[in-house]
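When you number the first sequence by the working numbering, it's gap-free, plus one each residue, and the end is 540. Beta carbons are placed, not taken as given, at the ideal position from N, Cα and C, and that holds for glycine.
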Amino acid sequence: MESNLHVYNTLSREMEKFEPINPPFVGMYVCGPTVYSEVHIGNVRTFTSFDLIYRYLLHLGYKVRYVRNITDVGHLLDDSEEDKISKKARLENIEPMEVVQRYTVDFHDTMKLFNALSPSIEPTATGHLIEQIELIEEIVKGGFAYESNGSVYFDVQAYSKNENYGELSGRNIDELLVNTRELDGQDDKRHPADFAIWKKAEPQHIMKWHAPWSLGFPGWHLECSVMSTKYLGATFDIHGGGMDLKFPHHECEIAQNKAGYGQDPVKYWLHTNMLTFNGRKMAKSEGTGVTPRQMITGDHPLLTQAYSPMTIRFFMLQAHYRSTLDFNNEALQAAEKGFKRLMRGVEDVQQLTAEPTSSLNIDQWKADLYTAMDDDFNSPIAIAQLFEGVRYVNLIKDGKEHLSASDLSLFQSTFTGFIHDVLGLKSEDEGDDGQVDGLMQFILQLRNEAKERKDYSTADSIRNTLQELGFVIKDGKDGTTYTKA
RNA sequence: GGUCUCGUGGCCGAGUGGCUAGGCAGAGCUCUGCAAAAGCUCGUACAGCGGUUCGAAUCCGCUCGAGACCUCCA
Numbered sequence: 056m057e058s059n060l061h062v063y064n065t066l067s068r069e070m071e072k073f074e075p076i077n078p079p080f081v082g083m084y085v086c087g088p089t090v091y092s093e094v095h096i097g098n099v100r101t102f103t104s105f106d107l108i109y110r111y112l113l114h115l116g117y118k119v120r121y122v123r124n125i126t127d128v129g130h131l132l133d134d135s136e137e138d139k140i141s142k143k144a145r146l147e148n149i150e151p152m153e154v155v156q157r158y159t160v161d162f163h164d165t166m167k168l169f170n171a172l173s174p175s176i177e178p179t180a181t182g183h184l185i186e187q188i189e190l191i192e193e194i195v196k197g198g199f200a201y202e203s204n205g206s207v208y209f210d211v212q213a214y215s216k217n218e219n220y221g222e223l224s225g226r227n228i229d230e231l232l233v234n235t236r237e238l239d240g241q242d243d244k245r246h247p248a249d250f251a252i253w254k255k256a257e258p259q260h261i262m263k264w265h266a267p268w269s270l271g272f273p274g275w276h277l278e279c280s281v282m283s284t285k286y287l288g289a290t291f292d293i294h295g296g297g298m299d300l301k302f303p304h305h306e307c308e309i310a311q312n313k314a315g316y317g318q319d320p321v322k323y324w325l326h327t328n329m330l331t332f333n334g335r336k337m338a339k340s341e342g343t344g345v346t347p348r349q350m351i352t353g354d355h356p357l358l359t360q361a362y363s364p365m366t367i368r369f370f371m372l373q374a375h376y377r378s379t380l381d382f383n384n385e386a387l388q389a390a391e392k393g394f395k396r397l398m399r400g401v402e403d404v405q406q407l408t409a410e411p412t413s414s415l416n417i418d419q420w421k422a423d424l425y426t427a428m429d430d431d432f433n434s435p436i437a438i439a440q441l442f443e444g445v446r447y448v449n450l451i452k453d454g455k456e457h458l459s460a461s462d463l464s465l466f467q468s469t470f471t472g473f474i475h476d477v478l479g480l481k482s483e484d485e486g487d488d489g490q491v492d493g494l495m496q497f498i499l500q501l502r503n504e505a506k507e508r509k510d511y512s513t514a515d516s517i518r519n520t521l522q523e524l525g526f527v528i529k530d531g532k533d534g535t536t537y538t539k540a
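Below is the structure:
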């Protein structure tokens with residue numbers, strides 16, 4: 056298993072050659088959603104980015120175990136004593152697990168629309184309470200956590216004696232202690248930077264479990280430590296998530312793993328950047344979240360039209376996963392047209408015929424494609440290279456370039472395979488039963504007869520009417536074809 | 001207030017010490033009954049001001065602007 060893949064590791068802040076701990080196996084853990092409401096389009100971007108990464112690793116031949124959790128324990132809101140899931144449950148007058156079920160299903164449906172592959176394992180926080188309690192016990196035993204009023208807090212200062220709390224996020228422990236804001240309900244903590252790993256539940260709290268310290272619930276960061284370790288081992292290859300999780304979530308995860316399991320959990324940390332709308336980060340908490348449903352239906356004040364899931368996916372892949380990406384109508388419309396052009400290339404490439412020799416260097420073209428993806432999954436460059444491929448298709452179609460049988464077959468499989476399997480893009484033309492095509496062929500035949508009679512008014516009338524119905528007519532050298540607009 | 005990121009042509013968005021990103025939009029040409037499609041060609045962009053260098057959009061400093069994290073967030 057040899058590849059030349061390089062990835063940007065947040066931990067080292069450098070590009071590193073990707074070398075799995077146990078090739079050809081790769082363990083990848085990605086922080087999944089908290090299922091208390093519909094995901095927004097920013098969440099979709101993150102999971103689409105990791106879908107691209109997962110797909111490319113598979114394409115390279117790695118045996119990937121992809122674990123993505125579902126956070127179904129609500130965690131505390133900043134200034135209330137109520138967590139997100141039980142709050143939602145109370146508002147909608149339903150069971151907390153009903154909330155969880157509804158939005159888990161919705162999340163899966165959404166990711167399917169965007170053609171994301173399912174993870175290998177999708178564990179839930181509530182399904183791993185025992186393991187979480189065990190990890191807390193280990194951390195306490197090691198002297199890195201203390202109990203206070205039925206809650207258990209991670210002792211950041213004790214941990215910092217020998218470890219570097221802040222290594223991932225570049226934070227300085229002393230500044231952290233000074234700069235942490237004064238929050239209510241911090242009385243139980245010894246230091247403001249300490250974080251809860253077990254929280255005693257207030258009487259009105261719905262989701263709670265019995266533990267040695269109290270009837271309560273686990274700290275948010277704990278589930279990922281536990282589930283990643285359980286399914287991928289104490290040290291695994293890739294841990295991913297959104298940039299906004301770097302601190303405190305991932306920082307705390309590392310601390311918990313080192314304190315409880317005695318091991319540095321992750322070799323490569325990958326973080327995806329945020330999606331903005333009108334230059335502002337999209338976030339549920341700010342009420343600026345645009346949902347996938349709104350994107351697909353166009354039902355949102357900021358949208359001038361609807362955009363299909365594949366248009367949105369293509370648009371996302373046109374930016375690098377570590378860059379912020381700003382949504383606006385003009386850019387999305389550009390993506391819509393570009394995507395259609397790419398898909399036309401996929402259709403047309405299959406129609407090409409071979410010649411005795413080649414006038415294009417397909418090996419080089421293919422190598423450039425892989426070079427792009429090997430450079431930290433640089434999908435924008437890869438897409439540029441695929442558009443170069445579209446140009447090839449058209450030149451060959453026009454007889455201006457030609458390929459040998461072996462080159463043509465390589466070109467076809469690489470071009471189509473990359474678009475379908477690596478980028479996860481597929482045509483959205485709803486297939487028909489051939490009736491439409493039969494009708495179209497008949498109509499076009501009538502039109503061509505009119506053209507031969509130089510009856511251009513009839514020919515144009517047919518073309519205009521078909522155009523209004525959504526069919527674009529193209530008179531080529533070898534006959535007339537049509538595409539759906 | 002602290003930490004950090006970014007500022008690329010009309011729009012989105014790669015790249016990065018000297019060589020074409022790409023998509024969309026725009027202009028011209030070829031093809032065509034016309035059109036569409038397709039092909040070819042074109043704009044010569046890197047916030048501003050200094051500095052380093054033979055040479056910087058790319059490195060350094062400052063200024064301005066935008067954003068993120070520091071509190072739940074993908």
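With respect to the alpha helix (DSSP H) encompassing D319, which residues constitute its N-terminal and C-terminal limits? Per DSSP, D319 belongs to no alpha helix (DSSP H) and is neither H nor E.
Alpha-carbon spacing of W324 relative to L357, whole angstroms: C-alpha separation (whole angstroms): 34 Å.
Extent of the continuous alpha helix (DSSP H) to which L190 belongs: 184-196 is the span of the alpha helix (DSSP H), which, as asked, contains L190.
Per DSSP, P273 forms a beta bridge with which residues? BP columns for P273 point to W253.
Flag this pair as touching only if the region 283-296 and the region 162-170 have three or more C-beta atom pairs under 8 Å; answer yes or no. As far as the Cβ criterion goes, the region 283-296 does not touch the region 162-170, which means the pair count is below three.
Where the alpha helix (DSSP H) through K562 begins and ends: The requested residue 562 does not occur in the structure, where the chain is confined to residues 56 to 540.
Tell me whether the beta-carbon of I108 lies closer than 8 Å to the beta-carbon of F432. Yes, these two residues count as a Cβ contact at 8 Å.
What are the uninterrupted segments assigned as alpha helix (DSSP H) that are 4 or more residues long and contained completely in the region 445-532, given in chain order? Runs of the alpha helix (DSSP H) inside the region 445-532: 460-472, 490-507, 511-523.
Residue nearest to T412 in terms of C-alpha spacing, selected from H265, D462, K216: Shortest Cα-Cα distance from T412 to any of H265, D462, K216 involves D462.
Three-state secondary structure (DSSP) at M329? Coil at M329, not helix or strand.
Classification of T327 by the beta-carbon crowding that lies within 10 angstroms, buried from 16 upward: With 16 or more neighbouring CB atoms inside 10 Å of its own CB, T327 falls in the buried class.
Note down the Cα distance separating I228 from T101, rounded to an integer number of angstroms. CA-CA distance, I228 to T101, rounds to 29 Å.
In the DSSP assignment, find the beta strand (DSSP E) that holds H61 and state where it starts and stops. Taken as a continuous stretch (DSSP letters only), the beta strand (DSSP E) holding H61 covers 61-64.
Just curious, the beta strand (DSSP E) that G534 is in, first and last residue? Judged by DSSP secondary structure, G534 falls within the beta strand (DSSP E) whose first and last residues are 534-539.
Excluding the five sequence neighbours on either side, which residues of its own chain have a C-beta within less than 7 Å of the C-beta of D541, listed in chain order? With the chain running from 56 to 540 in the structure shown, residue 541 is simply not present.
Which two residues bound the contiguous beta strand (DSSP E) that contains G334? Counting along the chain, G334 falls outside any beta strand (DSSP E), and DSSP gives it neither H nor E.
Should G296 and V81 be called a contact, given that it needs their Cβ atoms to be closer than 8 Å? Going by C-beta atoms, G296 is not nearer than 8 Å to V81.
Please give the ranges of any beta strand (DSSP E) in the region 99-135, keeping only runs that are unbroken, at least 3 residues long and fully inside the region. Within the region 99-135, the complete beta strand (DSSP E) segments at least 3 residues long are 118-123, listed from N- to C-terminus.
Cα-Cα, which of G182, I528, G525, G479 is closest to S434? It is G479 whose Cα lies nearest to the Cα of S434.
Residue environment, S468, which counts as buried when at least 16 other CB atoms sit within 10 Å: S468 comes out exposed.
Quick one: grab the DSSP three-state call for D239. With a pLDDT of 43 at D239, under the threshold of 50, the predicted position of this residue should be treated as unreliable, though the coordinate-derived value follows. Looking at D239 - three-state DSSP - the assignment turns out to be coil, as it is neither helix nor strand.
Cα separation between N416 and T359? Looking at the two C-alpha atoms, the distance is approximately 42 Å.
Buried or exposed (CB count within 10 angstroms, at least 16 for buried), H183: By the neighbour-count criterion, in which a residue is buried when 16 or more other Cβ atoms sit within 10 angstroms of its Cβ, H183 is buried.
In chain order, what residues of the same chain lie with their CB nearer than 8 Å to the CB of T331, ignoring the 5 residues before and after it? The beta carbon of T331 sits closer than 8 Å to the beta carbons of M337, T379, L380, D381, F382 from its chain, once the five residues preceding and following it are set aside; these are given in chain order.
Under the rule that 16 or more other beta-carbon atoms within 10 Å means buried, what is D134, buried or exposed? Low per-residue confidence applies at D134: pLDDT is 46, beneath 50, and the placement is therefore not dependable enough to give any value.
Going by DSSP in three states, F84 sits in which element: helix, strand or coil? It is Tyr, not Phe, that sits at residue 84 in the sequence shown. Looking at Y84 - three-state DSSP - the assignment turns out to be strand.
Endpoints, beta strand (DSSP E) assigned at F548: Beyond the ends of the chain as shown, which are 56 and 540, falls residue 548; an answer cannot be given.
Nearest candidate by alpha-carbon position, reference D453, set S482, L407, D492, T426: The candidate whose alpha carbon is nearest that of D453 is L407.
Alpha carbon to alpha carbon, how far is D292 from E74? Give it in angstroms, no decimals. Between E74 and D292, the C-alpha separation is close to 8 Å.
My output table needs one value for T89: the three-state DSSP class, helix, strand or coil. T89: strand per DSSP, three-state reduction.
Which partner residues of F382 appear in the DSSP bridge assignment? F382 is bridged to F332.
Determine the burial state of E237: buried for a count of at least 16 other Cβ atoms within 10 Å of its Cβ, exposed for fewer. Any answer about E237 is weak, because its pLDDT of 47 lies below 50 and its placement is not dependable; what the coordinates show is given next. Burial check for E237: the Cβ neighbour count within 10 Å stays below 16, so the residue is exposed.
My guess is that A200 and V207 are in contact by the Cβ rule of under 8 Å, so how many angstroms apart are they, rounded? Contact holds; Cβ gap of about 5 Å.
By the three-class DSSP mapping on this structure, what secondary structure does T412 have? Under the three-state reduction of DSSP, T412 is assigned to coil, being neither helix nor strand.
Taking the alpha-carbon positions, what's the I438 to T284 distance? Taking the straight line from one Cα to the other gives about 36 Å.
Could you tell me the distance, in whole angstroms, from the CA atom of N77 to the CA atom of L146? Cα to Cα, the separation comes out at about 48 Å.
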